[in-house]
Amino acid sequence: MSCTNVYRIPKGPLPGKKIIIHGTPKCNANTFSVNIVLGANVDCDVIAFHLVVRFNSCSVVCNSRTACGWGKEEVFQCNPFCKGVPFTMEISIDQCGYKISVNCKYLCSFNKRIETGDCNNFLIFKADVSVSNVQFC
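Take a look at the structure:
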């Protein structure tokens with residue numbers, strides 16, 4: 045996995061936790077992704093949460109991946125991200141899954157398909173995004 049930024053998630057992405065991301069898509073961005081990866085290293089096959097922004101189709105897609113492959117994509121035909129414009133994304137984690145807001149506006153929810161633990165979890169950003177700050181609350 046070619047990574048833009050990698051952050052270790054303290055005590056894992058457990059229910060009741062939030063991840064707040066401040067970033068900016070590059071001016072020439074085609075796509076970028078936010079991934080919660082489970083395993084001993086960042087190249088692990090298990091991605092509990094994958095959110096990809098696709099500028100060419102003006103969509104946001106959520107998915108997960110196990111060692112057997114990718115699950116079914118959940119496509120949201122709205123894209124609150126603008127090339128070159130800073131954003132704040134909040135990922136709220138509960139027992140059922142993930143709730144995503146961008147710039148204080150609800151974007152989507154993604155039901156948890158893979159249980160996360162309290163160790164060896166990473167937040168990974170790929171492709172056309174600059175991340176200025178990440179908070180784990």
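Numbering (my numbering) for the sequence shown: 45 to 181.
C-beta: ideal position from N, C-alpha, C; glycine also.
State the DSSP-derived secondary structure class of residue i, mapped to helix, strand or coil.
i, result
"G141", "strand"
"L95", "strand"
"K55", "coil"
"P69", "strand"
"K116", "coil"
"M45", "Low per-residue confidence applies at M45: pLDDT is 44, beneath 50, and the placement is therefore not dependable, though the value from the model is reported in the following sentence. Of the three classes helix, strand and coil, the one that applies to M45 here is coil, per DSSP."
"A171", "strand"
"C88", "coil"
"K156", "coil"
"V129", "coil"
"S101", "coil"
"C106", "strand"
"K62", "strand"
"N147", "coil"
Determine the contact status of residue i and residue j, defining contact as a CB-CB distance below 8 angstroms.
i, j, result
"F169", "N49", "yes"
"C102", "N123", "yes"
"G67", "S174", "yes"
"K143", "K70", "no"
"C152", "V104", "yes"
"P59", "D172", "no"
Just checking residue i against the ligand HEM - is the residue's beta carbon closer than 7 angstroms to any of the ligand's heavy atoms?
i, result
"I135", "The model depicted lacks the ligand HEM and carries no ligand whatsoever."
Which residues in the same chain have their Cβ closer than 6 angstroms to the Cβ of residue i, if we skip the five residues on either side of it in sequence?
i, result
"N93", "Going by the sequence as given, residue 93 is Phe instead of Asn. If we look at F93 and ignore the five residues flanking it on each side, its Cβ neighbours are I80, Y142."
"I65", "M133, V178"
"C106", "L95, E118, F154"
"I158", "A92, S108"
"G113", "none"
"Q98", "Looking at the sequence provided, one finds Arg at residue 98 rather than Gln. If we look at R98 and ignore the five residues flanking it on each side, its Cβ neighbours are T75."
Just to confirm my understanding: we take residue i, look at its own chain, exclude 5 residues before and 5 after, and list those with CB closer than 7 angstroms. What are they?
i, result
"N8", "Not covered by the structure: residue 8. The range shown for the chain is 45 to 181."
"N147", "P124, F131, T132"
"K149", "P124"
Please go through the same chain and pick out, in chain order, the residues whose beta-carbon is closer than 8 angstroms to the beta-carbon of residue i, but skip the five residues on each side of it.
i, result
"I53", "I63, I80, N165, F166, L167, F180"
"V111", "According to the sequence displayed, residue 111 carries Ala and not Val. Answer for A111: D89, V90, listed in chain order."
"S145", "M133, E134, S136, L151"
Checklist entry - Would you say the segment 69-80 touches the segment 110-119, given that touching needs at least three Cβ pairs under 8 angstroms? => result A contact between stretches requires three or more CB pairs, one per stretch, nearer than 8 angstroms, and the segment 69-80 fails this requirement with the segment 110-119.
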